[in-house]
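For the protein sequence lines, the chains are A and B, in the order given. Just so you know, we're using our numbering here: the first sequence kicks off at 69 and counts up by one. Just so you know, we're using our numbering here: the second sequence kicks off at 69 and counts up by one. For every residue, glycine included, the Cβ atom is placed at its ideal position computed from N, Cα and C. See below for the structure under consideration.
Number of protein chains: 2
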Amino acid sequence: MTENLLENLLRKNGLKVTKGRKEVLRLMEKRKDEPMKAEQVYDLVPREICSSLSTVYRILNQLSQKGLLKSTLYQNGIMYYQYNSGEHRHYIVCSKCGKVAALENCPMDAFDNYIRKDTGFDITGHVFELTGLCPDCKEKLKSGK
Amino acid sequence: MTENLLENLLRKNGLKVTKGRKEVLRLMEKRKDEPMKAEQVYDLVPREICSSLSTVYRILNQLSQKGLLKSTLYQNGIMYYQYNSGEHRHYIVCSKCGKVAALENCPMDAFDNYIRKDTGFDITGHVFELTGLCPDCKEKLKSGK
DNA sequence: GTGGATGCAAACCATTTGCACGCCA
DNA sequence: TGGCGTGCAAATGGTTTGCATCCAC
């Protein structure tokens with residue numbers, strides 16, 4: 069994503085353009101397929117651009133509030149952030165090795181109307197977190213761990 | 069659930085029978101439809117049976133490990149516990165008033181095989197958390213908040 | 001120049017843990 | 001009676017916040 073696009077995206081959302089915000093946004097867009105926690109982001113940002121973990125948290129939260137990022141609290145108690153490309157995706161995480169795979173479709177879509185009818189609720193969001201064993205770990209387990 | 073069933077259930081799972089564990093298990097079974105957080109459980113247990121919040125946490129975690137309870141970390145950062153009746157259910161929570169409704173079916177079931185084929189993962193578990201507006205809040209919003 | 005952005009350290013808060021005491025098997 | 005369960009207080013750890021300083025506009 070070009071320098072200009074980044075800056076416009078920030079300005080359009082009422083955020084002042086700073087080195088930190090630009091860097092975090094660029095980084096999240098580059099790794100749009102990988103949900104990341106604050107510490108990972110912090111480790112990827114050069115210290116001279118942003119030297120404080122709390123600032124990374126502040127930036128991630130601002131970008132999330134503006135809808136530029138999506139954030140999800142995983143069952144391990146850690147918040148993961150991801151560039152919001154507008155696509156709606158879910159991931160499955162291997163409970164042994166941590167490998168991540170993306171789902172092609174969201175199982176929810178087909179059930180949206182059904183649930184609306186079933187419960188009378190309007191669905192405004194959902195979290196869908198899968199755990200499982202990836203093919204590699206399955207293989208290793210079979211051959212005696 | 070009778071006194072005896074409770075005690076057997078604990079013993080069968082290798083847990084010593086204590087007043088605290090019995091009381092928590094009884095309580096969770098009685099309210100099997102309502103996911104509860106540790107503090108709620110603590111408030112429901114008579115002080116003379118269990119006087120410490122940390123003990124409630126310990127009991128809830130033990131019962132969860134043995135599979136007698138299910139535990140889920142919600143997006144608000146709080147762990148909710150629920151009696152594990154073997155049924156598999158999901159809930160939708162109104163983001164305005166907090167009302168909870170149960171889903172009749174689990175959207176996941178239909179997708180289990182599909183995801184296995186899609187990603188090669190064996191699914192060992194999933195968290196499915198919905199947020200939405202209940203009919204009452206929808207109504208209130210329509211008529212000017 | 002000035003209000004928002006950042007760095008640092010301290011606060012937060014749900015949950016966990018260490019240790020001394022007490023109770024179930 | 002011996003080991004596990006409990007109570008209390010202190011620790012933990014990811015995240016947030018207060019405040020002084022700094023930078024974008």
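**Q.** N-terminal and C-terminal residue of the beta strand (DSSP E) that L83 of chain A is part of
**A.** Per DSSP, L83 of chain A belongs to no beta strand (DSSP E) and is neither H nor E.
Q: Could you tell me which residues DSSP pairs with L196 of chain A in its beta bridges?
A: The identity of residue 196 of chain A in the sequence shown is Phe, whereas the question assumes Leu. DSSP lists B:F196 as partners of F196 of chain A.
Q) Is it true that the CB of I160 of chain B sits closer than 8 angstroms to the CB of K128 of chain B? A) Going by the sequence as given, residue 128 of chain B is Leu instead of Lys. Going by C-beta atoms, L128 of chain B is not nearer than 8 angstroms to I160 of chain B.
**Q.** Continuous alpha helix (DSSP H) stretch holding T70 of chain A: start and end
**A.** Run containing T70 of chain A: none; DSSP gives neither H nor E here.
Q. Buried or exposed: where does Q150 of chain B fall if 16 or more other Cβ atoms within 10 Å of its Cβ makes it buried?
A. buried
Q. Would you say Q133 of chain B faces chain A, with C-beta separation under 8 angstroms as the test?
A. no
Q | Proximal residues, the region 99–110 of chain B versus chain A, C-beta separation under 9 angstroms | A | none
**Q.** Cross-chain neighbours of E172 of chain B in chain A, by beta carbon under 8 angstroms
**A.** D186
Q: Run down chain A in chain order and give the residues with a C-beta less than 7 angstroms from the C-beta of I146 of chain B.
A: Near I146 of chain B there are no residues of chain A at all, since even the closest Cβ is about 10 angstroms away, more than 7 angstroms.
Q: Please list the partners that Q143 of chain A has in chain B, where partner means a Cβ-to-Cβ separation under 7 angstroms.
A: L141, V195
(Q) Which of the three DSSP states is assigned to S153 of chain B in this structure? (A) coil
Q | When B:V195, B:K208, B:P203, B:K98 are compared against T140 of chain A, the one with the closest alpha-carbon | A | B:V195
Q) DSSP state of S122 of chain A, grouped into three classes? A) helix
Q: Would you check if there are 3 or more beta carbon pairs closer than 8 angstroms linking the region 112–129 of chain B to the region 88–99 of chain B?
A: yes
Q.
For chain A, check one thing: does any of its Cβ atoms lie closer than 8 angstroms to the Cβ of I127 of chain B?
A. no
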